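Here is the structure we will look at, set down as structure tokens.
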Amino acid sequence: MSTMQIPHFKERKATQVAALLIKHNGGQSIDKYKLLKLIYLVDRKALELWGHSVTYDTPENFPYDPIGPGPTPSHTYDLIDPPKRNLQETSSTSSYWSQFFSNHGGTVSLPGLFPGVGDLSPAEIGLIHEIFEEFGHKTFGELKEYLQALPEYKDIEGSSKPIKWEILLQAVGWTGEDLEEVKKDLTFKAKFETFVGAR
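Numbering-wise (this note's numbering), the sequence shown opens with residue 50 and increments by one.
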């Protein structure tokens with residue numbers, strides 16, 4: 050079996066995904082924990098359909114805390130709530146994300162300029178709409194229950210733990226030669242990004 054590499058996290062795309070989800074939610078704001086779960090479901094469905102993620106956020110299983118147990122996109126969590134994660138490398142005020150969103154308590158709002166969708170493909174935009182139509186009207190509790198039933202979820206204690214990408218790919222249905230081809234494609238994308246210095 051081949052060793053897999055994963056492309057870098059795409060903060061611009063994560064920002065645009067979040068903005069579209071807020072727009073579908075009425076255009077003003079959304080519960081931050083619900084937003085994280087919806088972004089995870091967007092990336093998960095993209096892996097199932099196309100063999101690649103939209104944001105390439107690192108999926109992690111979280112223990113029980115305010116975000117609740119279950120799979121969560123960890124980099125986006127850092128952007129929304131950096132003090133919890135003790136970030137040391139990058140100030141949240143200098144991020145692309147922070148140019149558009151404000152966080153008030155348990156809510157992420159889009160008070161001003163919409164970031165646009167220039168980094169998203171038409172298929173990705175359609176997928177975001179489909180995910181919101183299916184899951185956007187569920188409560189956070191209902192979303193937690195749904196995500197806890199997914200095969201990649203593991204009940205853990207203490208700190209969060211990354212979900213291995215191969216396990217996630219298998220969980221959404223990739224097997225055998227198809228799985229190996231997806232792994233090769235992801236590795237090629239990751240190596241190409243490294244070669245050209247993409248971030």
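For every residue, glycine included, the Cβ atom is placed at its ideal position computed from N, Cα and C.
None of these values were measured; they are calculated from a predicted model.
Exposure of residue i, with buried meaning 16 or more beta-carbon neighbours within 10 Å
| i | result |
| --- | --- |
| Ser-151 | exposed |
| Leu-159 | buried |
| Pro-211 | exposed |
| Pro-118 | buried |
| Pro-108 | buried |
| Asp-227 | exposed |
Cβ shell of residue i (< 8 Å), same chain only, five flanking positions each side left out
| i | result |
| --- | --- |
| Thr-156 | Ser-78, Ile-79, Asp-80 and Lys-81 |
| Phe-43 | Outside the displayed range of the chain (50 to 248) lies residue 43, so it cannot be described from this structure. |
Close Cβ partners of residue i (< 7 Å) along its chain, the five nearest in sequence each way excluded
| i | result |
| --- | --- |
| Lys-240 | Gln-54 |
Presumed contact (8 Å Cβ cut-off) between residue i and residue j, rounded CB distance
| i | j | result |
| --- | --- | --- |
| Arg-93 | Asp-168 | That pair is no contact at about 19 Å. |
| Glu-249 | Ile-216 | Because the chain spans 50 through 248 in this model, residue 249 falls outside it and cannot be assessed. |
| Glu-173 | His-57 | Contact doesn't hold; Cβ gap of about 17 Å is too wide. |
| Ala-220 | Leu-235 | Ala-220 to Leu-235, Cβ: 15 Å. No contact. |
Same chain, Cβ closer than 6 Å to residue i, five either side skipped, listed in chain order
| i | result |
| --- | --- |
| Gly-246 | none |
Residue i to residue j span [Cα, whole Å]
| i | j | result |
| --- | --- | --- |
| Thr-121 | Tyr-105 | 12 Å |
| His-101 | Gly-161 | 31 Å |
| Lys-83 | Gly-225 | 34 Å |
| Glu-191 | Asp-204 | 17 Å |
| Asp-127 | Gln-197 | 21 Å |
| Ser-208 | Leu-98 | 31 Å |
| Lys-187 | Lys-213 | 27 Å |
DSSP beta-bridge partners of residue i
| i | result |
| --- | --- |
| Asn-110 | Pro-120 and Lys-210 |
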